[in-house]
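A quick write-up on the structure given underneath.
So, in structure tokens, the structure goes:
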């Protein structure tokens, strides 16, 4: 998830408000456009700088009924467990992005399958898609941004040591879809929280 | 979907490449950052301008086993049928955005329920979430960007007059989840196409 890193020399995070127009470099002001319903960032030339929520994509990689989770080595959620995942890139499909992030963070090769759920977090302007994936190769080893990769059975999920509320939601939905449970078709709970707490 | 409009005075679309840094207004260059895997837009001050795919959210509003579709009055897809939907805004949940767009475009009040599917279109860098919704009030009338709103039974879907491939995918998944069919748990097909054709 490089967009979360605070790198020396790259201080602009997506949470910061744009100040200058990316089309012409002039200063932005806030204005309500005709027939629009909320303020937008507009420059003196009339270019609009649209802002959009971001998409995180990830997988629950499964082999033999057990799900692989990764322990994060960086903030947010350092030392805690999550699905492998990260920000979707322009030009890749959600499934391709989920597979790429899984391979980067767990060194497992996977085939991406059904969507487990879409988890919306308006306080951080992120929507997370988590897919079930079949492990088809590789070896479970730490990769980018992770310190450990381990497989858990449905009764072994480290519920109190998860990095994000979306990991809890996706694992809950995965466990409920295992044999002996029915798949859920209920609406996803909307989680509200503090934009500063690093939750995704 | 105001981000699709070509408005006099607001020529910057999200498909255009940013030229100037939104943090400081300096010119952007393309560069691969340390430990990153693809080129990014960076200014001389070291600010990164991240680019992200966008999220479209919509509903299939259902009452008495029939689904309401809207006929679009603007491009792309003018004159053709679609789910009501549009771009998710910063600060709203996917479900809230889907409800807002539905009310704007069909004048129906809805309660948003289960996710029907997530449809990825990498050629336009859009991911679309379509929810099933229960109609709880309002009157089916054209609204913003629509010329007609009409209810269709599962056997009456205007398959050859749909505006977007995501409308076809979502309606296919909805029809297959009706009584007499089994809900699908297969991976969503990835649709490739021409970025210029206006498909979502």
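Chains as they are written, first to last, in my numbering: chain R, 354 to 553; chain S, 354 to 553. Here a beta-carbon is modelled for each residue, glycine too, at the ideal position from N, C-alpha and C. Values in this document were obtained by computation on a predicted structure and should not be read as measured data.
* What is the rounded straight-line gap between the Cα of residue 445(S) and the Cα of residue 531(R)? -> 32 Å
* Measuring only between beta-carbons, confirm whether residue 442(R) sits less than 9 Å from chain S. => yes
* Asked: What is the DSSP secondary structure of residue 524(R), counted as helix, strand or coil?
  -> helix
* First and last residue of the beta strand (DSSP E) that includes residue 447(R)? -> Unbroken run through residue 447(R) is the alpha helix (DSSP H), 447-459; no beta strand (DSSP E).
* Asked: Any beta-carbon of chain S closer than 9 Å to the one on residue 426(R)?
  -> no
* Check distances from the C-beta atoms of the region 480-497 of chain R to those of chain S and list, in chain order, the residues that come in under 7 Å. => 480 and 482
* Asked: Is it true that the CB of residue 482(S) sits closer than 9 Å to the CB of residue 408(S)?
  -> yes
* Asked: For a contact meaning CB atoms closer than 7 Å, what does residue 417(R) contact in chain S?
  -> Result: empty, since nearest Cβ-Cβ is about 20 Å, beyond 7 Å.
* Asked: Is residue 321(S) buried or exposed, if buried means 16 or more other CB atoms sit within 10 Å of its CB?
  -> The shown model of chain S, from 354 to 553, leaves out residue 321(S), and the question about it has no answer.
* Kindly indicate which residue of 476(R), 496(R) and 419(R) has the alpha-carbon position closest to the one of residue 528(R). => 419(R)
* Asked: When you check each C-beta in the region 371-392 of chain S against every C-beta of chain R, which residues fall closer than 9 Å?
  -> 371, 372, 373, 374, 375, 376, 377, 378, 379, 380, 381, 386, 387, 388, 389, 390 and 391
* Considering only the beta carbon of each residue, do residue 414(R) and residue 488(R) sit closer than 9 Å? -> yes
* **Rounded straight-line distance, which links the Cα of residue 507(R) to that of residue 533(R)** => 11 Å
* In this structure, does DSSP put residue 381(S) in helix, strand or coil? -> coil
* Asked: Under 9 Å, do residue 517(R) and residue 430(R) count as touching if we go by C-beta distance?
  -> yes
* Does DSSP classify residue 370(S) as helix, strand or coil? -> coil
* **Selection from 504(S), 459(S), 432(S) and 475(S) that minimises the alpha carbon distance to residue 405(S)** => 475(S)
* Enclosing beta strand (DSSP E) for residue 444(R) [first to last residue] -> That residue, residue 444(R), is in no beta strand (DSSP E); it is neither H nor E in DSSP.
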